[in-house]
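Worksheet: one structure, shown below.
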Amino acid sequence: MATELIGGLEVHVDDEGFMTDPNEWNEELAPALAKEIGIDELTDGHWKVIRFLREDFAREGQTATLRRVSTMANVPTKELYELFPKKPAKKMSYVAGLKKPVGCV
Amino acid sequence: MPPKFDDETTDRKLCIIVSKGTMEWATAAMVLGNAATSEGIELHVFFTFWGFDAIIDKRMDKLKISPVANPSMKVPGTEIGMSNMLAGLPGMTAFASAMMNKEMEKLGVPPNREFMQMVHDSGAKFWACRLTFDMMENTMGLTKDDLWDGVEDIISANDFMELSEGGQIIFI
């Protein structure tokens, strides 16, 4: 499996570049991942989403969808699109060191 | 390599024409629409004819699925098609709709209004068909105020042609 050097750490990634081992992620890695996809600064809003994704993944074993984030973490859909422009589902997962969500909604 | 999100080059545009107002087809439109906007695709949804049920404010929370003349719908838990005789009994449409609502909820699919709002909030534009509006204005006194406030405007088929230029179209 491919590895990549992010924020000085070597992490395993899939064909699309998403991290494959959630245990290799930590909060120090998130800003580096964010920079890779053009998000220069992680605000409290970003962190709220990232931390929810991590907690939810730990419980459910899969990445939450946008709808799940908006209803369970109380982050309005509009805000998700502002925080992670254009492709919020993929971008939030990437920064949280998770695979992209598989659910349709 | 980080994933290529191609923010600058996402110029794809999708137009969904919603011509049916039943629960399953209105939902199908929103599932596709939601997928499109979350991929950074510009989305326009055009409601025409029966599709108006999904944008008429007092109707949009009460969309139904009909078991009548629907050979794909089986008696639950079996491979037996539901006979029209059975499906036509009073209350069967409400029953089937309630069941489908419940199943969708299990899968995290929101009810119509909430789903529409979600897709709207993600940047989609919703349009109502001029001819349908005029017809319903004549037959049932429909006014613009009766439409869900997420509807951008009432536009003609020609307007839709201009709007959809360069886009892909899905007819539902």
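Top to bottom, those sequences are chains A and B.
FYI, in the working numbering the residues of the first sequence are 33 to 137.
FYI, in the working numbering the residues of the second sequence are 23 to 194.
The beta-carbon is built from N, C-alpha and C at its ideal position, and this holds for glycine as well.
This one's a predicted model, so the numbers in the text were calculated from it and none came from an experiment.
Practice task
Could you pull the start and end residues of the beta strand (DSSP E) that Trp149 (chain B) belongs to?
Solution key: Residues 147 to 151.
Problem - DSSP three-state assignment for Gly103 (chain B), whether helix, strand or coil - result: It is a strand residue.
Handout entry: Residue nearest to Tyr126 (chain A) in terms of C-alpha spacing, selected from A:Glu42, A:Arg91, A:Lys67
Key = A:Lys67
Exercise for the section: Examine the Cβ distances between the region 38 to 52 of chain A and the region 119 to 135 of chain A and report whether three or more of them are shorter than 8 Å. Expected result: yes
Exercise for the section: With a 10 Å radius around its C-beta and 16 neighbouring C-beta atoms as the bar for buried, classify Cys91 (chain A) as buried or exposed. Expected result: Per the sequence presented here, residue 91 (chain A) reads as Arg, with Cys not at that position. Exposed, because fewer than 16 other Cβ atoms sit within 10 Å of the Cβ of Arg91 (chain A).
Handout entry: Contact with chain A by Asp143 (chain B), beta-carbon distance below 7 Å
Key = Asp143 (chain B) counts as touching chain A.
Practice task
Could you check the C-alpha separation between Arg83 (chain A) and Glu60 (chain A) for me, to the nearest Å?
Solution key: 13 Å
Practice task
Could you name the residues of the region 146 to 178 of chain B whose beta carbon sits closer than 9 Å to any beta carbon of chain A, in the order they occur along the chain?
Solution key: none
Problem - Contact belief for Asn182 (chain B) with Phe68 (chain B) at Cβ below 8 Å, rounded distance in angstroms - result: Sequence check: residue 182 (chain B) is Phe here, not Asn. Between Phe68 (chain B) and Phe182 (chain B) the Cβ distance is about 6 Å, and since that is below 8 Å, they are a contact.
Exercise for the section: Consider the Cβ of Pro98 (chain B): report whether some Cβ of chain A lies at a distance smaller than 7 Å. Expected result: No, Pro98 (chain B) lies away from the interface with chain A (no Cβ there is under 7 Å from its Cβ).
Problem - Proximal residues, the region 60 to 76 of chain B versus chain A, C-beta separation under 8 Å - result: Ser60, Glu61, Gly62
Exercise for the section: Taking only the alpha-carbon atoms, compute the straight-line gap between Gly55 (chain B) and Met114 (chain B) and give it to the nearest angstrom. Expected result: 30 Å
Handout entry: Test item: CB-CB of Trp72 (chain B) and Gly103 (chain B) under 7 Å
Key = no
Exercise for the section: Using a cut-off of 8 Å between C-beta atoms, extract the partners of Ala57 (chain B) located in chain A. Expected result: In chain order, Cys136 make up the part of chain A whose C-beta sits under 8 Å from the C-beta of Ala57 (chain B).
Practice task
Locate the beta strand (DSSP E) running through Ile82 (chain A), then write down its first and last residues.
Solution key: Segment 76 to 92 is the alpha helix (DSSP H) holding Ile82 (chain A); no beta strand (DSSP E) there.
Exercise for the section: Give me the Cα-Cα distance between Glu187 (chain B) and Ala179 (chain B), rounded to the nearest whole angstrom. Expected result: 13 Å
Handout entry: Where Glu111 (chain A) sits in the DSSP three-state scheme
Key = helix
Exercise for the section: For Ala150 (chain B), count neighbouring Cβ atoms within 10 angstroms of its own Cβ and tell me buried if that reaches 16, exposed if not. Expected result: buried
Practice task
For Thr109 (chain A), I'd like the list of residues in its chain whose CB is within less than 6 Å of its CB, leaving aside the five on either flank, ordered along the chain.
Solution key: Ser102
Practice task
Mind checking which residues open and close the alpha helix (DSSP H) that includes Val53 (chain B)?
Solution key: 45 to 60
Handout entry: Check whether Gly130 (chain B) and Arg86 (chain A) have beta carbons under 7 Å apart
Key = Contact: no.
Exercise for the section: In angstroms with no decimal places, state the Cα-to-Cα distance between Asp72 (chain A) and Gly40 (chain A). Expected result: 17 Å
Problem - Residue-chain proximity (Val40 (chain B), chain A), Cβ-Cβ < 7 Å - result: Taking Cβ atoms only, chain A never reaches closer than 7 Å to Val40 (chain B), which makes this a no.
Problem - At least 3 beta-carbon pairs within less than 8 Å: the region 112 to 127 of chain B vs the region 78 to 89 of chain B - result: yes
Practice task
Mind listing the chain A neighbours of Val53 (chain B)? Cutoff is C-beta to C-beta under 8 Å, in chain order.
Solution key: Cys136, Val137
Practice task
Consult DSSP for Val137 (chain A) and reduce its assignment to one of helix, strand or coil.
Solution key: coil
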